[in-house]
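**Q** Those sequence lines, one after another, are chains A and B.
Using the numbering used here, the first residue of the first sequence is number 1, and each one after it goes up by one.
Using the numbering used here, the first residue of the second sequence is number 1001, and each one after it goes up by one.
Yeah, the Cβ is synthetic: ideal placement off N, Cα and C, and Gly gets one too.
Structure provided below as structure tokens; questions to follow.
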Amino acid sequence: MASNVTTPGAIEPKMWMGGIEPMKASYGKLMMWFFLISDTFTFSALLVAYGTARFSFPAFSGEAADFTFSNMYWPIPEKVYEAVPFLHGVTLPLVFVGIMTFILIASSVTMVLAVEAGHRMDRESVEKYMLWTILGGFTFLGCQAWEWSHFIHGTETGSVMKVIQDGTWVNKTVFGANLTENQYGPPAFADFFFFITGFHGTHVFSGVILNILIFFRSATGFYDKRGSYEMVEKVGLYWHFVDLVWVFVFTFFYLV
Amino acid sequence: MAEVHHIHNQDPNAGAEQRKAIWKTFWILLILTAVEFLIAFTVPHGILKVSIFIVMTIVKAFYIVGEFMHLKHETKSLIWSILVPVIFVAWLILALLLEGNAIFNAVFD
């Protein structure tokens, strides 16, 4: 019996035998990474579904200058997103979405600066940078609310669409977009807009909530008492992921 | 990573190099986005434009994941356990874009 008992330290520790961290990252951080991988699949599914719908639909053939909205072909994104708040009637393609991209990248920078300050146990800097990040998050959400509102209400003239009503094809003027009607193109285009940017916006919103929690906990000295600011790092991973998703949404929904 | 955790001093110069790397990444991302804008309005629509956009998006993703999310500086096993599952996404893209094309041909050709 006694010969079977191993004394601690008798076996040389090996990489995957337990007791050590082979990936040199804490449990919480690893789980955040694996959650983000699963979230990657969800967003990929949404964006790839968009690609499938777009590939199965006719594209607009002709000069971009002659483009008009129709539900017979997929719209050119830069013709759809060309409005900027306070500049009514001015055509500025993709400018507003560019500003939104800049806001999200900037808030990612302040987040990573908060993480860096956390490594130094510099509570004041963590608070300062978390507040900037929260502000960036709210600004982005506000921009998205405006973008949605504009998309839903549409342009002043609307556009004439050929639709089936009571079994016959009729011409109908459509204003704005919802899940069944869309003045910018086929209804599927509006559906994907709402689902993809909506799902991303939900992520931004929950990220802001987490950031506020982190700010509150560092401001009340919770992480000082714990002796580690690693929680800032974990939430930081989530926030950067939200920025990363936006980079892909920006390219595949607005640019291409 | 591990060594960073144990710096618990109040020296304001601690982490100065990291902060420099953070701002460098910020400028790279900003310039890449600005160039994307330029291309959106100068290059005619086609395979070339789409390819440039995809390459630039992957470069931006590399900087966000590598620097901001710090993955570049993690252990090899962690890097690979994050990157390998993304292969499934590559397959999903290929399969469903071909499917979309087939639907187009069936309906409109």
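Distance check for Leu1083/B and Asp39/A, CA to CA, integer angstroms please.
**A** For the purposes of this step, residue 39/A is taken as the residue at position 39 of the first sequence. For the purposes of this step, residue 1083/B is taken as the residue at position 83 of the second sequence. For Asp39/A and Leu1083/B, the distance between alpha carbons rounds to 14 Å.
**Q** Are Asp166/A and Leu179/A close, meaning C-beta to C-beta below 7 Å?
**A** Numbered from its first residue, the first sequence carries residue 166/A at position 166. Numbered from its first residue, the first sequence carries residue 179/A at position 179. Cβ atoms of Asp166/A and Leu179/A: not closer than 7 Å.
**Q** Between the alpha carbons of Ser1077/B and Trp1023/B, how many angstroms are there, rounded?
**A** Against the second sequence, residue 1077/B aligns to sequence position 77. Against the second sequence, residue 1023/B aligns to sequence position 23. Straight-line Cα distance between these residues: approximately 28 Å.
**Q** To which residues of the same chain is Leu1029/B closer than 8 Å at the C-beta, ignoring the five residues directly before and after it?
**A** Residue mapping note: residue 1029/B aligns to position 29 of the second sequence, counting from 1. The residues are Lys1060, Tyr1063 and Ile1064.
**Q** In terms of residue numbering, what span does the alpha helix (DSSP H) encompassing Trp33/A cover?
**A** Start at 1 with the first residue of the first sequence, and residue 33/A comes out as number 33. It spans Tyr27 to Phe55 - the alpha helix (DSSP H) in which Trp33/A sits, taken as one unbroken run.
**Q** Are three or more beta carbon pairs between the region 226-235 of chain A and the region 28-35 of chain A nearer than 8 Å?
**A** Taking 8 Å as the limit for Cβ pairs, the verdict is that the region 28-35 of chain A does touch the region 226-235 of chain A.
**Q** Sort Phe175/A, Phe248/A, Met231/A and Ala64/A by Cα distance to Val115/A and report the nearest one.
**A** Along the first sequence, one-based indexing puts residue 115/A at 115. Out of Phe175/A, Phe248/A, Met231/A and Ala64/A, Met231/A has the C-alpha closest to the C-alpha of Val115/A.
**Q** Taking contact to mean 3 or more Cβ pairs, one atom from each stretch, closer than 8 Å, check whether the region 87-99 of chain A and the region 116-129 of chain A are in contact.
**A** The region 87-99 of chain A vs the region 116-129 of chain A: no contact.
**Q** Express the C-alpha separation of Ala219/A and Phe86/A in angstroms, rounding to a whole number.
**A** Start at 1 with the first residue of the first sequence, and residue 86/A comes out as number 86. Start at 1 with the first residue of the first sequence, and residue 219/A comes out as number 219. The straight-line gap from Cα to Cα measures roughly 37 Å.
**Q** Residues of chain B with CB closer than 8 Å to the CB of Gly19/A, please, in chain order.
**A** Numbered from 1 along the first sequence, position 19 holds the residue referred to as residue 19/A. Chain B residues near Gly19/A: none, gap ~16 Å exceeds 8 Å.
**Q** Short of 6 Å in beta carbon distance, which residues of its chain neighbour Lys1072/B, apart from the five on each side in sequence? Order them along the chain.
**A** The count along the second sequence starts at 1 and reaches residue 1072/B at position 72. Same-chain partners within the cutoff: Gly1066.
**Q** Could you say if the region 47-65 of chain A and the region 153-166 of chain A meet the contact criterion of at least three C-beta pairs nearer than 8 Å?
**A** Because the criterion of three Cβ pairs below 8 Å is not met, the region 47-65 of chain A and the region 153-166 of chain A do not touch.
**Q** Determine the DSSP secondary structure at Ala177/A, reduced to helix, strand or coil.
**A** For the purposes of this step, residue 177/A is taken as the residue at position 177 of the first sequence. Note: Ala177/A maps to strand in three-state DSSP.
**Q** Using Cβ-Cβ distances below 7 Å, what residues of the region 189-211 of chain A are close to chain C?
**A** Reference to chain C is not applicable here, since the protein chains of this structure are A and B.
**Q** Just to confirm, are Pro77/A and Gly185/A a CB contact at a threshold of 7 Å?
**A** Counting from one through the first sequence, the residue named residue 77/A turns up at place 77. Counting from one through the first sequence, the residue named residue 185/A turns up at place 185. Going by C-beta atoms, Pro77/A is not nearer than 7 Å to Gly185/A.
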